[in-house]
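Below is one structure, written out as structure tokens; the observations come after it.
Chains as they are written, first to last, in my numbering: chain A, 1 to 325; chain B, 326 to 650.
Structure (structure tokens):
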């Protein structure tokens, strides 16, 4: 029996859908704009329509629908809580809506959890059973696979590595995201410029301080700007401490890092690796450990949504994915 | 078929063994001294002897042997690495030794992981599928159960909450254990006394500063000593931040806290709860969450070792324990 899976990637801007065979090979794909500004009902109508575009003539070839959506969401109930980039969405029972429309089981996962499943099934962590995926972008999200099972927790809220609390100076508690995500890097750059730092970074944004973002900092660092290099190194050290936490708690075999900020490459990865070496309890935790860039591109959310459906929302061992191939 | 389990608790001082029925009800129990100072071979001989004391006449009623041992150890291979309180033990393949002696599968777990299984099967977390157990004593250890499965990781090294790195002041990285375990509390008390703090704590140890330990600090705090209360509150805040990390990563339903320092009760638990409330990302992570004292006493390691064997070293869902009852 060759049961197919429909995958949907609901983003703030792009709406994608695809159909995969039982081995998670792509059969067909469509994309359109989300049209988030038109509100909830309009987006739901567009989502149903794009699912119909990838639906085969014989509906019963499809086993289930997997959906990657922006968090916060409850993966157990399929309810989207209130994503900042989907205006008008509050406690939307998306899973139930899609199930009722198509008469198929629907599984919903946040984008980082879904990306973890994607990297574990077809990306950098293929064949691994103990995986931590981290995305460093406008926020810092994560997905953890522990002995083949996606970690979601009692209410499906896990795992949020970006929100690990850290003390940054005597008594003041911040978080990994607030110190090391894209907006934090941009904020620190602006602050340094306002206090007269010697850097050519401002030229990259035509002198407009408010336009300075993490991408510009990354570009400046690649050009050898020492302030920009230091800012990425600080972000790397903070992310590295988060990884040490994950190593000590989960003892994974691979850390996969994706998201826009990770495109700065070794400028970020070298300080991450150094921090891990310096602060890990024992070399046993890093024996055989790989810290690698994400391997999948734009399709990561679609592949992950398909893997989510194939594992019944992460409740099944990813080993079952291999068995399907 | 009523398969029985033999449990062993190998401690630095005490050596215990017991036999349980399939429902983890105690059938017989023995205890003796470990005799750790007599060296490896002597301890192994004593362990084999005490196992024979609890072995039934018909050997084939026994399904397996579970052993709680001091870490660090590799639960996958059954090798004890080099516990500080077992002199002469270095990379001892305890699992293989016991299996060869008795012809039964042997499962080995570190004391905190085993305690987590015990609390989840018969203690404060009974019936829970998402559990974090923390022991605060001379060290800080932890055991995490994620959707019914013990988290051990690729080399069986998880989970070490005590070794989560934390920045305590600008740039200096410490750990939860180094800031909040018993020796840290004692160290901070001595430091305060040396710099002239106003406290009656010293009277509790007959004026001998070097004798001051976490137990004395706990006693002083119970008597209303404000420095001692502040020291426990600091430990509680640090442990609380570790719990916030666990909440954000695992989204558990219960945190169980045991170990000697936890006997200080609300003096430690109140600042823990307050820190969790203050620093959790969203109240969804604490909805329905319980933070409770461990319920099992001295037998926690024996019950846990039995649960470890019953779940095949934590590789089986704890739900299977319930099915055995």
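Built from N, CA and C at the ideal position, the CB exists for glycine as well.
Chain B partners of residue i, CB-CB under 7 Å?
i                      : result
residue 84 of chain A  : Correct list: empty, because the minimum Cβ distance to chain B is about 13 Å.
residue 161 of chain A : 574
residue 235 of chain A : Result: empty, since nearest Cβ-Cβ is about 14 Å, beyond 7 Å.
residue 276 of chain A : By Cβ distance, chain B contributes nothing, its closest Cβ being about 10 Å from residue 276 of chain A, past 7 Å.
Answer yes or no: does any C-beta atom of chain D fall closer than 7 Å to that of residue i?
i                      : result
residue 495 of chain B : Absence of chain D from the displayed structure is noted, the protein chains being A and B.
For residue i, count the other beta carbons within 10 Å of its own beta carbon; 16 or more makes it buried, fewer makes it exposed. Which is it?
i                      : result
residue 650 of chain B : Annotation note: pLDDT 38 at residue 650 of chain B (below 50); position unreliable, coordinate value reported separately. The residue in question, residue 650 of chain B, is exposed, as its Cβ has fewer than 16 Cβ neighbours within 10 Å.
residue 223 of chain A : exposed
residue 507 of chain B : buried
residue 25 of chain A  : exposed
residue 434 of chain B : buried
residue 385 of chain B : exposed
residue 203 of chain A : exposed
residue 421 of chain B : exposed
residue 283 of chain A : exposed
residue 533 of chain B : exposed
residue 523 of chain B : exposed
residue 358 of chain B : exposed
residue 623 of chain B : exposed
residue 225 of chain A : buried
residue 521 of chain B : exposed
residue 220 of chain A : buried
residue 381 of chain B : exposed
residue 206 of chain A : exposed
residue 19 of chain A  : buried
Can you check DSSP and say which residues form a bridge with residue i?
i                      : result
residue 460 of chain B : B:466, B:583
residue 330 of chain B : B:345, B:389
residue 435 of chain B : B:394
residue 312 of chain A : Answer is none; residue 312 of chain A lacks a bridge partner.
residue 205 of chain A : Answer by DSSP bridge pairing: none, since residue 205 of chain A is not bridged.
residue 31 of chain A  : A:16
residue 380 of chain B : Residue 380 of chain B pairs with nothing; no bridge assigned.
residue 400 of chain B : Per DSSP, none; premise fails for residue 400 of chain B.
residue 187 of chain A : Residue 187 of chain A is not bridged to any residue.
Measure the C-alpha to C-alpha separation of residue i and residue j and round it to an integer number of angstroms.
i                      : j                      : result
residue 561 of chain B : residue 611 of chain B : 17 Å
residue 441 of chain B : residue 103 of chain A : 41 Å
residue 398 of chain B : residue 419 of chain B : 10 Å
residue 625 of chain B : residue 373 of chain B : 21 Å
residue 456 of chain B : residue 53 of chain A  : 43 Å
residue 291 of chain B : residue 337 of chain B : There is no way to answer for residue 291 of chain B, as the model of chain B reaches only from 326 to 650.
residue 383 of chain B : residue 330 of chain B : 13 Å
residue 356 of chain B : residue 414 of chain B : 21 Å
residue 164 of chain A : residue 316 of chain A : 27 Å
residue 27 of chain A  : residue 153 of chain A : 33 Å
residue 262 of chain A : residue 272 of chain A : 11 Å
residue 162 of chain A : residue 410 of chain B : 37 Å
residue 340 of chain B : residue 461 of chain B : 21 Å
residue 637 of chain B : residue 436 of chain B : 16 Å
residue 466 of chain B : residue 101 of chain A : 49 Å
residue 50 of chain A  : residue 17 of chain A  : 6 Å
Under 7 Å Cβ-Cβ, which residues of chain A neighbour residue i?
i                      : result
residue 490 of chain B : 241, 244, 245, 279
residue 478 of chain B : 130, 250, 251, 252
residue 482 of chain B : 251, 284, 285
residue 581 of chain B : Near residue 581 of chain B there are no residues of chain A at all, since even the closest Cβ is about 15 Å away, more than 7 Å.
Which same chain residues, not among the five before or five after residue i, have their C-beta less than 7 Å away from its C-beta?
i                      : result
residue 323 of chain A : At residue 323 of chain A, the pLDDT of 49 sits below 50, so the modelled position is not reliable; the number obtained from the coordinates is stated separately. Around residue 323 of chain A: no qualifying Cβ.
residue 44 of chain A  : 97
residue 453 of chain B : 445, 578, 579
residue 633 of chain B : 391, 432, 434, 439, 442, 639
residue 450 of chain B : 444, 456, 579, 581
Looking only at its chain, what residues have a beta carbon closer than 6 Å to the beta carbon of residue i, apart from the 5 residues adjacent to it on each side?
i                      : result
residue 151 of chain A : 144, 158, 159
residue 255 of chain A : 132, 243, 291
residue 594 of chain B : none
residue 218 of chain A : 264
residue 564 of chain B : 505, 597
Using a C-beta to C-beta distance shorter than 8 Å, which residues of chain B count as neighbours of residue i?
i                      : result
residue 72 of chain A  : 607, 609
residue 136 of chain A : Neighbours of residue 136 of chain A on chain B: none; closest Cβ ~16 Å, over 8 Å.
residue 79 of chain A  : By Cβ distance, chain B contributes nothing, its closest Cβ being about 11 Å from residue 79 of chain A, past 8 Å.
residue 205 of chain A : By Cβ distance, chain B contributes nothing, its closest Cβ being about 30 Å from residue 205 of chain A, past 8 Å.
residue 43 of chain A  : Correct list: empty, because the minimum Cβ distance to chain B is about 23 Å.
So with CB distances below 9 Å, who are the chain A contacts of residue i?
i                      : result
residue 470 of chain B : By Cβ distance, chain A contributes nothing, its closest Cβ being about 11 Å from residue 470 of chain B, past 9 Å.
Please list, in chain order, the chain B residues whose beta carbon lies closer than 9 Å to that of residue i.
i                      : result
residue 149 of chain A : 471, 472, 474
Below 8 Å CB to CB, which residues in the same chain sit around residue i once its five sequence neighbours on both sides are set aside?
i                      : result
residue 277 of chain A : 286
residue 407 of chain B : 397, 414, 415, 416
Residues of chain A with CB closer than 8 Å to the CB of residue i, please, in chain order.
i                      : result
residue 333 of chain B : Residues of chain A passing the Cβ test: none, with the nearest at roughly 24 Å.
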